[in-house]
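If you're matching positions, the sequence shown starts at 1 in full-length UniProt numbering and goes up one per residue. Backbone N, C-alpha and C fix where the C-beta goes; we use that ideal spot for every residue, glycine too.
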Amino acid sequence: MQEALELPLLERSDLRLYAICKRALDLVGAVLMLVLLSPVMFICAVLIKLDSPGPVLFRQQRVGQGGRLFTCLKFRTMYVDADQSLHKQYVLALMAAEGDDSLRDEHGLYKLPNDPRVTRIGRWLRRTSLDELPQLWNVLRGEMSLVGPRPPIPYEVEQYKPEQLGRLTVKPGITGLWQVKGRNRTTFEQMVALDLEYVRRRGLMLDLWILLMTLPVVLLARDCR
């Protein structure tokens, strides 16, 4: 991890070349994963429909690069009409460092113990991170990248300190330093610090390293409770 963070900073001209290479990596990677993982995604969709009534996909407004809103796609893990205000309360508590770290989910956001809003299949999808697979479509549409900061929710951004807005200078990612470094072991401040470190040190080698390190994290469900 330390070696990855010590990669040299890119010059402006290198950043332009990096942006082109990164987009190519996103397109090729997203297409390959959609093709290879389509049977898995089909099985997930069937299990979701069998487990509880409602749509297969969950759509939520997230804040992307430059503060632009986009619709983030995930496999639905909660019952339809679940109370989303509870999640907002927990996110704000996390940002204020008022909550218990044991209540955070695998993506760094607070969760309720034995949350009754989450379906049986939803718990499995969250634990394995399979609920994130539909975000590959966000990558194809250019709203997200394979690697980048976690895509924040609008009410989270409203509470940002000026220095935290740096997370919005690049596209959000499906995975990032925050996931391979600690997932739900990190505090909100640590998560932001890792995202800002990525923004500052971003480069193709770091992206490839993060993608490589994501595999054991997901396969072993490391740091998930």
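Compute the beta-carbon to beta-carbon distance between Leu57 and Leu69, rounded to the nearest angstrom, for a pair I have assumed lies under 8 Å.
Between Leu69 and Leu57 the Cβ distance is about 18 Å, and since that is not below 8 Å, they are no contact.
Can you list, in chain order, the residues of its chain whose CB lies under 8 Å from that of Gln65, leaving out five sequence neighbours each side?
Leu168, Thr169, Val170, Lys171, Pro172
In this structure, how does DSSP classify Val170 when only helix, strand and coil are distinguished?
coil
Give me the Cα-Cα distance between Leu17 and Val28, rounded to the nearest whole angstrom.
17 Å
C-beta contact flag for Ile153 and Leu177 at 8 Å:
no
Rounded to the nearest angstrom, what separates Arg23 and Arg202 at their Cα positions?
13 Å
Buried/exposed call for Arg76, threshold 16 Cβ in 10 Å
buried
DSSP on Ser52, reduced to helix/strand/coil?
coil
Please determine whether the Cβ atom of Tyr155 lies at a distance below 7 Å from any heavy atom of the ligand GTP.
Looking at this structure, you won't find the ligand GTP or any other ligand, since it has none at all.
Just checking my contact of Thr175 with Val147 at CB under 8 Å: how many whole Å lie between their CB atoms?
6 Å
Quick one: using the 10 Å Cβ neighbour count with 16 as the cut-off for buried, is Leu165 buried or exposed?
exposed
Quick one: measure Cβ to Cβ for Pro151 and Arg59, integer angstroms, because I've assumed they're closer than 8 Å.
In fact, because the Cβ distance is near 13 Å, the residues do not count as touching under 8 Å.
With contact counted as at least three CB pairs below 8 Å, one residue from each stretch, are the segment 46-56 and the segment 118-136 in contact?
yes
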